[in-house]
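J.:
Residue numbers (my numbering): 30 to 410.
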C-alpha cells in the first residue's frame, strides 16, 4: 500500500487532496452506492505500476477475481520491467505496459498518447491496487468505467466509486486480498499465477548444466533497489564462505547488471568461488533459477517476492523496511531483523538515526546463519 512518510511529499499530497475535494465536491455530494453485480462485469482492469516486487504481491488477487467473474476479460496495467513476471499468467487476458512519468520523468510526452488509447477500452471495473493519488488522477479518473475501486488513505477518494475500508497494518498481499473481498471474492488457496513454459524450464536446466550446478544448491542475491536495504558486502562475503564450508552445496550469486559492483566487492573478499550469474539472466530465467533453489538468501527485494511466488524457502535480511508488510509470503521463510523504533516511520531513502544504518549494521553473519540452520533443519537439507 502507498503510505507517504516523507514530510514534504505528505504535505504536497494533503494539499492536492484538499484542492481536489473542493473541485470534485459536486461529484462527492451526488455519489450513490451501487452494488457491483457479477453479471455486469465483463472487462476488468487491475493497475499496479512501479516496482516488480509490489507487482508480484498484487498477483495473488487474479485467480479469485477470475473465479468471481469467470466470463470477464482481465487486463493488468503495469510498468514495462514488471510486465515480464506477468507473462504466461493463466488468469490474465492482457498485459498493458506503461511507465508513468511520476516514476519515469522521461516518459511525460507519452502520457497523453497512452491515456487516449486506454480510454478506448470500455472497462466495467478498475482496481487501482496502490492507493496512490497520482495513479487515481492520471490513470483511473480519465477512464469511463462503471466502478473504480481502491483505498483512499493516499488521497483521491473523490475519484473513486468504491472505497475499500482500511483495516490496519498488515502484509501487502492481505491489503490486496481485502480489495477483492470487498467484491465478494473467495480467496481460496494461494496461487501467484507464476508459471514457466517448458521452453523456459529447459533454458534454466541448460544454464545449470553449463555451470556444472547440481541440485540441491543455494542461491544468494545481495542487492536491493534501495541502498539502505542492502546488507554489507563484507558480511555477505563471510556468509557465502560459511555456507559453502558448512553445507558443501553449490552456491549461486544472483543479481542484475547494475549490481555488478556490489557482487564484485563480495567476490574479492571471499575465499571460495561461487557460481556468478550476475547480469546473465532474464527475469524469467531468474524465476526459474529461484524455483530450482533449495534455499534463497537475500535482502528485501523483488527477487525475494519472486522466490516466495515459486515457494522457495527463503532467509530474508530486513533493515529499514517493515517485514510485517513486505516479508516473503506463503513460503517457508525466516526474517532476520533488528528492532529499531525508527523503522516504523523510515522513508528508506535516508537514515537519520544517530547510529547510521544501525538496523542493518547490527545484523551479524551468525544471525543469518542461525536462520539458515533453522530452515535447513526444518527441510532436512
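C-beta atoms are modelled at their ideal positions from N, C-alpha and C, and glycine is treated no differently. Note that this is a predicted model, so its numbers are computed, not measured.
Per the DSSP calculation, residue 104 is bridged to which residue(s)?
T.: As a working note, residue 104 is residue 75 in the chain shown. DSSP, once it has assigned bridges, lists 74 and 123 as partnering residue 104.
J.: Suppose only complete runs of 4+ residues qualify. What are the alpha helix (DSSP H) ranges in the segment 198-227, listed by chain order?
T.: Segments of the alpha helix (DSSP H) lying fully in the segment 198-227: 201-210.
J.: With residue 195 and residue 49 assumed to form a contact (beta carbons below 8 Å), what rounded beta-carbon distance in angstroms separates them?
T.: Position 166 of the chain shown, counted from the start, is the residue given in the question as residue 195. Position 20 of the chain shown, counted from the start, is the residue given in the question as residue 49. About 19 Å separates the two Cβ atoms, so there is no contact after all.
J.: What does the alpha-carbon distance come out to for the pair residue 125 and residue 105?
T.: Translated into the one-based positions of the chain shown, residue 125 becomes position 96. Translated into the one-based positions of the chain shown, residue 105 becomes position 76. Those two C-alpha atoms are separated by around 6 Å.
J.: By the three-class DSSP mapping on this structure, what secondary structure does residue 280 have?
T.: As a first step, residue 280 is located in the chain shown; it is residue number 251 there, counting from the start. If DSSP states are grouped into helix, strand and coil, residue 280 belongs with the strands.
J.: Relative to the C-alpha of residue 384, which residue among 393, 378, 112 and 371 is closest?
T.: Counted from its first residue, the chain shown places residue 384 at position 355. Here the closest residue by C-alpha is 371.
J.: Return helix, strand or coil for residue 348, following the three-state DSSP convention.
T.: Here the question's residue 348 lines up with position 319 in the chain shown. Residue 348: coil per DSSP, three-state reduction.
J.: Between residue 403 and residue 321, what straight-line distance do the alpha-carbon atoms span, to the nearest angstrom?
T.: Numbered from 1 along the chain shown, position 374 holds the residue referred to as residue 403. Numbered from 1 along the chain shown, position 292 holds the residue referred to as residue 321. Distance between the alpha carbons of residue 403 and residue 321 is about 20 Å.
J.: Buried or exposed: where does residue 362 fall if 16 or more other Cβ atoms within 10 Å of its Cβ makes it buried?
T.: As a first step, residue 362 is located in the chain shown; it is residue number 333 there, counting from the start. It is buried - the Cβ of residue 362 has at least 16 other Cβ atoms within 10 Å.
J.: For residue 325, report the span of its beta strand (DSSP E) as first-last.
T.: Reading the chain shown from its first residue, position 296 is the one you call residue 325. It spans 324-328 - the beta strand (DSSP E) in which residue 325 sits, taken as one unbroken run.
J.: Taking the alpha-carbon of residue 256 as reference, which of 348, 150 and 82 has the nearest alpha-carbon?
T.: As a working mapping, residue 256 is identified with position 227 in the chain shown. Minimum Cα distance to residue 256 is reached at 348.
J.: Going straight from the alpha carbon of residue 214 to that of residue 222, what length do you get?
T.: Residue numbering aside, residue 214 sits at position 185 when the chain shown is read from its first letter. Residue numbering aside, residue 222 sits at position 193 when the chain shown is read from its first letter. Approximately 17 Å, taken between the alpha carbons.
J.: Cα separation between residue 91 and residue 199?
T.: If you number the chain shown from 1, residue 91 lands on position 62. If you number the chain shown from 1, residue 199 lands on position 170. Roughly 20 Å separates the two Cα atoms.
J.: Can you tell me where the alpha helix (DSSP H) with residue 144 in it begins and where it stops?
T.: As a working mapping, residue 144 is identified with position 115 in the chain shown. Counting along the chain, the alpha helix (DSSP H) containing residue 144 begins and ends at 140-147.
J.: Across the segment 237-247 and the segment 112-129, are there enough close Cβ pairs to call them in contact, namely three or more that are closer than 8 Å?
T.: Result no; under three Cβ-Cβ pairs closer than 8 Å.
J.: From residue 332 to residue 313, what does the alpha carbon distance come to, in whole angstroms?
T.: The sequence position of residue 332 within the chain shown is 303, counting from 1. The sequence position of residue 313 within the chain shown is 284, counting from 1. Taking the straight line from one Cα to the other gives about 11 Å.
J.: Closer than 8 Å is the cut-off here; do at least three beta carbon pairs connect the segment 69-83 with the segment 167-183?
T.: With the cut-off at 8 Å, the segment 69-83 and the segment 167-183 touch.
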